[in-house]
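Quick notes on the structure that follows.
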Amino acid sequence: MTFDVTLSFDNGPEPEVTPGVLDVLAVEGIRASFFVLGHKLAMPGRRALAARAHAEGHWIGNHTYSHSTPLGLGTDPEMAVAEVVRTEALIGDLAHPDRLFRPFGGGGRLGPHLMGPAVRDHLLAGGYTCVLWNAIPRDWAEPEAWVETALAQCRTQAWTLLVIHDLPTGAMAHLPRFVAAIRDAGGRFRQDFPPDCLPIRRGRAAMALEPYVAAA
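Take the position in the sequence shown, starting the count at 1, then add 3; the result is the number in the numbering used here.
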């Protein structure tokens, strides 16, 4: 049985990790997406890592500025929107045409804590695409064991949008092993996203948004 896998990397860029991830992807001929944090892009030298990823054909997305609190959990509406706006400004010309945004889930959870009404309205008005996920192998907590978890998750569905993290945990040292395991199991890598992971597409609701938006 064949299956498809879309790779996405959250919470970078990290100078000690992201270059190695890009090297592996280049060798393996895989294009992925990097959902970056605004406060890291603002650090010296880090935007250049996102620029390298972009130049090598990867997609750059917005993963909030501070990654401190999910944007549906009581955050002041103006501050919540600013988490998106500040990061998008820092991404600048590296942004994907569809203005990719991934909310912070707090351990990979999906639910109405992801965003409040103000953020939803900003994404719709600004033509954003909201990119969720359907597999989280918790590589940040299990840097040695995540490959087996991820492989099991990918083999249970036809198309997986996997979230892993280019963070200095040691997890990305196992990226080549993961790629080999997926291919040995009949998996194929692709860059686009499963439609059921995109509740907002180019500023339009593609499905019911209530499961992902906190009550007003």
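From the three backbone atoms N, C-alpha and C, an ideal C-beta is built for every residue, glycine too. Quantities reported herein were computed from a predicted structural model and do not represent experimental measurements.
* To do: Figure out for me which residue from ASP26, VAL27, TYR68, LEU28 has the closest Cα to the Cα of PHE38.
  => For the purposes of this step, residue 38 is identified with residue 35 of the sequence shown, where counting begins at 1. Of ASP26, VAL27, TYR68, LEU28, the residue nearest in Cα terms is TYR68.
* To do: Measure the C-alpha to C-alpha separation of ILE63 and HIS57 and round it to an integer number of angstroms.
  => Here residue 63 is taken as the residue at index 60 of the sequence shown, counted from 1. Here residue 57 is taken as the residue at index 54 of the sequence shown, counted from 1. Between ILE63 and HIS57, the C-alpha separation is close to 7 angstroms.
* To do: State the CB to CB distance for the pair VAL122 and ALA83, rounded to an integer number of angstroms; the pair is presumed to be in contact (CB under 8 angstroms).
  => Residue numbering aside, residue 122 sits at position 119 when the sequence shown is read from its first letter. Residue numbering aside, residue 83 sits at position 80 when the sequence shown is read from its first letter. Contact flag correct, Cβ pair sits at about 5 angstroms.
* **Under the three-state DSSP convention, the category VAL8 falls into** => Counting from one through the sequence shown, the residue named residue 8 turns up at place 5. Residue state, collapsed to three classes: strand.
* To do: Find the nearest neighbour of GLY77 within the set VAL134, LEU117, THR152, GLY41, judged by alpha-carbon distance.
  => To locate residue 77, count along the sequence shown from 1; it is residue 74. Checked all of VAL134, LEU117, THR152, GLY41; the closest Cα to GLY77 is LEU117.
* Which value, in whole angstroms, describes the spacing of the CA atoms of GLY181 and ASP13? -> Walking along the sequence shown from the start, residue 181 turns up at place 178. Walking along the sequence shown from the start, residue 13 turns up at place 10. A small correction: the amino acid at residue 181 is Phe; Gly does not occupy that position in the sequence shown. Distance between the alpha carbons of PHE181 and ASP13: 17 angstroms.
* Is it buried or exposed for ASP142, if we count other Cβ within 10 angstroms and need 16 for buried? -> To locate residue 142, count along the sequence shown from 1; it is residue 139. Buried.
* Asked: Alpha carbon to alpha carbon, how far is PRO197 from GLY130?
  -> By one-based count along the sequence shown, residue 197 stands at place 194. By one-based count along the sequence shown, residue 130 stands at place 127. Rounded to the nearest angstrom, the two C-alpha atoms are 19 angstroms apart.
* Contact set for GLY173: own chain, Cβ-Cβ below 8 angstroms, skip 5 residues either direction -> For the purposes of this step, residue 173 is taken as the residue at position 170 of the sequence shown. If we look at GLY173 and ignore the five residues flanking it on each side, its Cβ neighbours are PRO146, GLU147.
* If you scan the region 172 to 216 from start to end, which runs of the alpha helix (DSSP H) of 4 or more residues do you find wholly inside it? -> 178 to 187
* To do: Specify the secondary structure class of MET154 as computed by DSSP and reduced to three states.
  => Taking the first residue of the sequence shown as 1, we reach residue 154 at position 151. The amino acid occupying residue 154 in the given sequence is Leu; Met does not appear at that position. Helix.
* Under the DSSP definition of a beta bridge, which residues are partnered with ASP13? -> For this step, residue 13 is matched to residue 10 along the sequence shown. Per DSSP, PHE38, HIS168.
* Can you name the residues that DSSP bridges to GLY64? -> Locating residue 64 in the sequence shown gives position 61, where the first residue counts as 1. DSSP, once it has assigned bridges, lists PHE38 as partnering GLY64.
* Asked: Who are the near neighbours of ALA184 in its chain, counting only those whose CB is closer than 7 angstroms to its CB and skipping five residues on each side?
  -> Within the sequence shown, residue 184 is the residue found at index 181, counting from 1. Cβ neighbours of ALA184 beyond the five flanking positions: VAL150, LEU154.
* **Local conformation of THR72 per DSSP, three classes** => Translated into the one-based positions of the sequence shown, residue 72 becomes position 69. DSSP places THR72 in coil when its eight states are reduced to three.
* Which of helix, strand or coil does DSSP assign to MET118? -> Taking the sequence shown and counting its residues from 1, one reaches residue 118 at position 115. The answer is strand: DSSP assigns MET118 an E or B state.
* Asked: So what does DSSP say about ALA161, is it helix, strand or coil?
  -> Residue numbering aside, residue 161 sits at position 158 when the sequence shown is read from its first letter. Of the three classes helix, strand and coil, the one that applies to ALA161 here is coil, per DSSP.
* Would you decide whether THR90 is buried or exposed? Buried here means 16 or more other CB atoms lie within 10 Å of its CB. => Position 87 of the sequence shown, counted from the first residue, corresponds to residue 90. When all chains shown are included, THR90 counts as buried.
* Asked: For the putative contact between PRO202 and LEU135, defined by C-beta atoms under 8 angstroms, what is the C-beta separation to the nearest angstrom?
  -> Sequence index remark: in the sequence shown, residue 202 carries index 199 (1-based). Sequence index remark: in the sequence shown, residue 135 carries index 132 (1-based). Sure, about 7 angstroms apart at Cβ, within 8 angstroms.
* **ASN65 and LEU97 closer than 8 angstroms at C-beta** => Residue 65 sits at position 62 when you count from the first residue of the sequence shown. Residue 97 sits at position 94 when you count from the first residue of the sequence shown. No, the Cβ-Cβ distance between ASN65 and LEU97 is not below 8 angstroms.
* Asked: Secondary structure at ALA58, three-state DSSP: helix, strand or coil?
  -> On the sequence shown, position 55 is the one that residue 58 refers to. Three-state DSSP puts ALA58 in a helix.
* To do: State the DSSP-derived secondary structure class of ALA3, mapped to helix, strand or coil.
  => The chain is shown only over 4 to 219; residue 3 falls outside these bounds and no answer can be derived.
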